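Going line by line, the protein sequences match chains U and D.
With UniProt numbering applied, the first sequence has no gaps in its numbers, which climb one by one up to 393 at the end.
With UniProt numbering applied, the second sequence has no gaps in its numbers, which climb one by one up to 118 at the end.
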Amino acid sequence: MLAATVRVTRDLDAAEEAVQDAYVQALTRWQRDGVPAKPGAWLTTVARRTALNVIRRQRTLQAKLPLLLMDADDGGSSGSEGPIPDDRLRLIFTCCHPALAQEAQVALTLRLVCGVSTPDIAHAFLVAEPTLAARITRAKKKIASARIPYSVPSASDLPVRIDAVLTVIHLLYATGHTAHSGENLVRDELTGRALDLARMLRPLLPSEPETAGLLALLLVHQARRATRTDADGRLLRLEEQDRSRWDRTLIAEADRLVVGALRSGPPGRFALQAAIAALHAQAPSYAETDWPQILTLYDELLRRWPSPVVALNRAVAVSMVDGPGPALAVVTALEDDGRLAGYRYLPATKADLLLRLGRHAEAAQAYRAALALSDNAAEQEFLQDRLSRTPPS
Amino acid sequence: MAQYAILIYEREAEGGQAAELPPEVLAAHEALPGRITEKGGKELGGIALEPSATATTIRGDLVTDGPFIETKEALAGVFVIEARDLDHAIELARMTPIVSGGVEVRPLLGLDFSGLTS
């Protein structure tokens, strides 16, 4: 509804107000006349009419031509069918325009496409509410003053833009997936919305293999969701998770998508991540995982996306194929590189490898380093537990 | 149509002298208004600036030598275009010939510059 209204107003604030106004009108009108046959369409029509009236008033006031009415008429005169997915997609591409800072892209997508409140977004990003509100206002202002178009970009611009959109949806999922705090409700809402968006993007851009890759990646995460913690909320590692509780329907769907994405040309970073996740999901047990294949996929992923976090995850695959010694060399090199300073998973991974090599004192030291970097209670408890099980040297 | 300023930033030679522009870059600059029209936009006007060494800065009462901001790339010129939206403006701005530097696209603040002629 918001998306359909923005198409008319091209002004996010005006559209939001018009939508709220439509709900208020519905409260009184529906009580009096009964609920209309298509409540969604009724609300959209009212919101768009209200928005148009506001625009007309503003335009007359400024003695300017109502430039936008032409567009609105040719796109929206048959608008009785209500908002179509394309409208939401346009809104996503507007929010994820590369002319906006990425932090603003995520915040705007959360606010306008997912309807998450500003305080909730601020909370998810661990920033002060006024800071986030200012960020959103600035982004909205830039959309209006620079005239960022409310449209899905042309085919030639798509490869660049789709990456921003996919990244934002992925971040959205990750925001819900990684516990910043104990508020499970907000997290489920975010992962659910991210999954919806990925599903929506898929049929609308079927020729883009990365849309399949991202959807597959989210589906595998979603399939394993229930087993990530135990009954007491303690974090469980992949090798400890109860694989019988993984959602096989979601994993099968992800498999089909991954195969399709890998067949349609050189795989992108989401397709490769999804392929790795799918291999983990297919394995009957941690030990029976196809590690050589996973390592090959990581090699390719690192070539396409030379991120130190990917390199660290690859080190775990190295440890399973070549043993903890060579993996430790990889981790030590990453430590010297310095880009992951402050990233708690680096000392945690290092500690696990040292433990496997029997270097207990160094392992304990690395666990303590990881503990010092973690703010998350579940993670701290997990690391504390690992530390207490490390034999004294 | 919305109006945008395209600010051209170019690297200057030592001492703030303008680097010699290769002839093909100069030719590309001359061809730019025509190419913008072909792409459905319009160039409303353009100005080229003398090198930043010739700039004088006034800050409050203080008058000093040099440009307002010292950067490796100096503002070398500005042109104003009409475009449908930011994506269109970016498409047109991409055609600016650049030796070493880049351009900045800025929407104009509500004023009508249609009177500018190139």
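For each residue, glycine too, the CB sits at the ideal point set by N, CA and C.
Since this is a predicted model, take the numbers as computed values, not measurements.
If you check each beta-carbon in the UniProt domain "YCII-related" (3-108) of chain D against every beta-carbon of chain U, the ones closer than 7 Å belong to 85, 86, 87, 107.
Here residue 141 (chain U) is exposed. Its C-beta has fewer than 16 other C-beta atoms within 10 Å.
Of the candidates U:247, U:224, U:256, U:224 places its Cα closest to the Cα of residue 241 (chain U). Out of U:104, U:147, U:103, the CA that lies nearest to the CA of residue 3 (chain D) is found in U:147. Cβ-Cβ separation between residue 339 (chain U) and residue 308 (chain U): approximately 5 Å, consistent with a contact (criterion under 8 Å). Note that the C-beta distance between residue 312 (chain U) and residue 346 (chain U) is below 8 Å.
Annotation: the continuous beta strand (DSSP E) that includes residue 59 (chain D) extends over 56-59. Taking a 10 Å sphere around the C-beta of residue 267 (chain U), we find 16 or more other C-beta atoms and assign the residue as buried. Within chain D, the C-beta atoms nearer than 9 Å to that of residue 148 (chain U) come from 85, 86, 87, in chain order.
In the structure shown, residue 43 (chain D) falls within a strand segment according to DSSP collapsed to helix, strand and coil.
In this model, residue 22 (chain D) and residue 100 (chain D) are separated by some 12 Å (Cα to Cα).
As the crow flies, the alpha-carbon of residue 43 (chain U) is around 8 Å from that of residue 19 (chain U). Contact residues of the stretch 306-319 of chain U toward chain D are absent (C-beta to C-beta distance below 8 Å). Membership of residue 24 (chain U) in the alpha helix (DSSP H) is indicated by the continuous run 12-33.
Between residue 153 (chain U) and chain D, the shortest Cβ-Cβ separation is below 8 Å.
Taken through DSSP and simplified to helix, strand or coil, residue 68 (chain D) comes out as coil.
Taking 4 residues as the minimum length, the alpha helix (DSSP H) runs contained wholly in the stretch 243-328 of chain U are 248-263, 269-282, 291-304, 308-322, in order along the chain. Look at residue 237 (chain U) here: in three-state DSSP terms it is coil, with no helix or strand label.
For residue 388 (chain U), the closest of U:376, U:363, U:378, U:377 by C-alpha to C-alpha distance is U:363. According to the DSSP assignment, residue 107 (chain D) belongs to the beta strand (DSSP E) that extends over 101-107. Within the same chain, Cβ atoms closer than 8 Å to the Cβ of residue 289 (chain U) are found at 279, 280, 283, 320, the five residues on either side in sequence being excluded. Comparing alpha-carbon positions, the option among U:350, U:259, U:105, U:370 lying closest to residue 342 (chain U) turns out to be U:370.
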